[in-house]
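In the working numbering, the protein residues as written are -9 to 247. All C-beta atoms in this analysis are idealised placements derived from N, C-alpha and C, irrespective of residue type, glycine included. Here is the structure we will look at.
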Amino acid sequence: MRISVVIPAYNEAGNIGRLIEETIAAVPETALQEVIVVDDASDDGTGAEIKALMSRHKVLRYLRHEQRAGQSAALRNGVIAATAPVIATMDGDGQNDPADIMRLVAKLGAEGGEPALVGGIREGRKAKGSRKAASRFANWIRDKVLDDGCPDTGCGLKVYRRADYLALPYFTSMHRYLPAFFITYRHEIAYEPVNDRPRLRGASKYTNLGRALIGLYDLVGVSWLRKRTALPPVVEEKTGVTGGQEDARAQQVKVGS
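What follows is the structure, encoded as structure tokens:
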């Protein structure tokens, strides 16, 4: 399976260049279609760090937002620009380990099979105690409301099929609810333990309070949208032909299978 790696980044100078180099080294050349970094209007040296690597790595593509739009917008624009059927995403801060990508890809259903999304579960998290506690609480309340069974929705390392992702409704912060929406759209999902690394440069762009307030607001909307989404399995009836004669028995074929 050819893979496009999509990395959203905002003010990640000192992290993004190292992550790009690690990604290109970790994903086999026979599988890596491209590495797409989407710069969400950084005002530090992020852009310069990326562009300095473009002459050395032909698989590297650089997209830039003219104004800040958030992580979900950066991810979506990267996926839209991608040319491979399989997408792998990582956060731009370098805390996700590119060495884990191929293990997640190996669990993805081949040629349209299931699971359609494989998410990482961070082991040995390096975040501060308050951030880990806030994350555990957020995962608990989200699972109570959405019942998506996702133990670590905040992990940026995920692998999924491009076409399945683009069929989902888009809104700001949707990247945190991908497992719930993949389930709503009748897909199976799986999880795989992944490495969690400390941030080497810069600071997180989120605060516990800010994330909690936005999360509660989004949770109400996501819950409503899932309940209002009706996607029953579709079966096309076809009449079989036997020996030049129409077979009266209809053949059932699942649309999209």
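Discussion item. Among Val210, Gly102 and Thr73, whose alpha-carbon lies nearest the alpha-carbon of Arg218?
Written reply: For Arg218, the nearest C-alpha among the options comes from Val210.
Worksheet entry | Rounded distance between the beta-carbons of Val28 and Ala64, thought under 8 Å | Indeed, because the Cβ distance is near 4 Å, the residues count as touching under 8 Å.
Worksheet item: Taking Arg191 as the reference, which of Arg8, Ser(-6) and Met92 has the closest Cα?
Response: With distances taken between Cα atoms, Arg191 lies closest to Arg8.
Discussion item. The beta strand (DSSP E) that contains Thr185, what's its start and end?
Written reply: Correcting the residue type first, residue 185 is Asn in the shown sequence and not Thr. Residue range Ile179 to Asn185 is occupied by the beta strand (DSSP E) that includes Asn185.
Discussion item. With distance defined between alpha-carbon atoms, name the residue in Arg176, Ile173 and Ala96 nearest to Arg(-8).
Written reply: Measuring C-alpha to C-alpha distances from Arg(-8) to each of Arg176, Ile173 and Ala96 identifies Ala96 as the nearest.
Practice prompt. Identify, in the order they occur along the chain, each residue of the same chain with its Cβ nearer than 6 Å to the Cβ of Trp3, setting aside the five sequence neighbours on each side.
Written response: The sequence shown places Ala at residue 3, rather than the Trp named in the question. Excluding positions up to five away in sequence, the list reads Asp34, Gly35, Thr36 and Glu39.
Discussion item. Taking a contact to mean a Cβ-Cβ separation below 7 Å, would you say Asn86 touches Met92 in this structure?
Written reply: No, the Cβ-Cβ distance between Asn86 and Met92 is not below 7 Å.
Discussion item. Which residue wins for smallest C-alpha separation from Gly110, given the options Asp154, Val(-4) and Thr143?
Written reply: Relative to Gly110, the option among Asp154, Val(-4) and Thr143 whose CA is nearest is Thr143.
Discussion item. Classify Ser299: buried if its beta carbon has 16 or more other beta carbons within 10 angstroms, exposed otherwise.
Written reply: This structure leaves residue 299 out entirely; the chain is present only between -9 and 247.
Discussion item. Per the DSSP calculation, Asn67 is bridged to which residue(s)?
Written reply: According to DSSP, Asn67 bridges with nothing at all.
Worksheet item: What does Tyr150 pair with, by DSSP beta-bridge criteria?
Response: Looking at the DSSP assignment, Tyr150 forms a beta bridge with Ile77 and Leu107.
Discussion item. Is the beta carbon of Ala157 closer than 7 Å to that of Leu136?
Written reply: No, these two residues do not count as a Cβ contact at 7 Å.
Item to complete: Can you tell me which of Ser32, Ile14 and Glu12 puts its alpha carbon nearest to the alpha carbon of Ala(-1)?
Response: Out of Ser32, Ile14 and Glu12, Ser32 has the C-alpha closest to the C-alpha of Ala(-1).
Fill in: Those runs of the alpha helix (DSSP H) which lie wholly inside the segment 12 to 72 and span at least 4 residues
Runs of the alpha helix (DSSP H) inside the segment 12 to 72: 36 to 44 and 61 to 71.
Discussion item. Using only the alpha-carbon positions, how far apart do Arg66 and Leu53 sit?
Written reply: One C-alpha to the other measures close to 12 Å.
Fill in: Burial state of Gly146 (16 or more Cβ within 10 Å)
Here Gly146 is buried. Its C-beta has 16 or more other C-beta atoms within 10 Å.
Item to complete: Taking only the alpha-carbon atoms, compute the straight-line gap between Thr162 and Ser62 and give it to the nearest angstrom.
Response: C-alpha separation (whole angstroms): 6 Å.
Worksheet item: Rounded to a whole number of angstroms, what is the C-alpha to C-alpha distance between Leu107 and Thr229?
Response: Cα atoms of Leu107 and Thr229: separation of roughly 35 Å, rounded to the nearest angstrom.
Discussion item. Rounded to whole angstroms, what is the Cα-Cα separation between Pro188 and Gly84?
Written reply: If you draw a straight line from the Cα of Pro188 to the Cα of Gly84, it is about 8 Å long.
Fill in: Whole-angstrom distance between Leu168 and Asp154, CA atom to CA atom
In a straight line, the C-alpha of Asp154 is about 11 Å away from that of Leu168.
Item to complete: For the alpha helix (DSSP H) containing Pro169, list its first residue and its last residue.
Response: Secondary structure note for Pro169: its alpha helix (DSSP H) is the uninterrupted segment Leu168 to Thr174.
Item to complete: Find out if the Cβ-Cβ distance for the pair Leu221, Arg176 is shorter than 7 Å.
Response: A contact, by the Cβ cut-off of 7 Å.
Worksheet entry | Enclosing alpha helix (DSSP H) for Ala96 [first to last residue] | Annotation: the continuous alpha helix (DSSP H) that includes Ala96 extends over Ile91 to Lys97.
Worksheet item: In the DSSP assignment, what are the bridge partners of Val(-5)?
Response: Val25 and Ala78, per the DSSP bridge assignment.
Worksheet item: Does DSSP put Glu101 in a helix, in a strand, or in coil?
Response: Three-state result, Glu101: helix.
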